[in-house]
Amino acid sequence: RTDAMAAFDAKLRVAAESAQASQAAEREAMAEDEAAQADEQARARREI
Numbered sequence: 001r002t003d004a005m006a007a008f009d010a011k012l013r014v015a016a017e018s019a020q021a022s023q024a025a026e027r028e029a030m031a032e033d034e035a036a037q038a039d040e041q042a043r044a045r046r047e048i
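Be aware that the sequence shown starts at 1, since it is given in the numbering used here, and climbs by one per residue.
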C-alpha cells in the first residue's frame, strides 16, 4: 500500500512539473509574440 501511494505521489509530482513547464513555455511564447509585435509597430512608425 505504501509503495502504491509513493508511486501515486511520484506521478502527481511529474504531472505538476510538466504542467509548470508547459505554462512557462506558453508564457515565453506569449512574451516573444509581444516582442515581435512591438518590433513590427516600431518598424511601422519609422516607415511613416
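C-beta: ideal position from N, C-alpha, C; glycine also.
As the structure is a prediction and not an experimental result, all values here were calculated from the model.
First through last residue of the alpha helix (DSSP H) which encompasses residue i
i: R27; result: T2 to E47
Same chain only: Cβ atoms within 7 Å of residue i, ignoring 5 sequence neighbours per side
i: A35; result: none
i: A19; result: none
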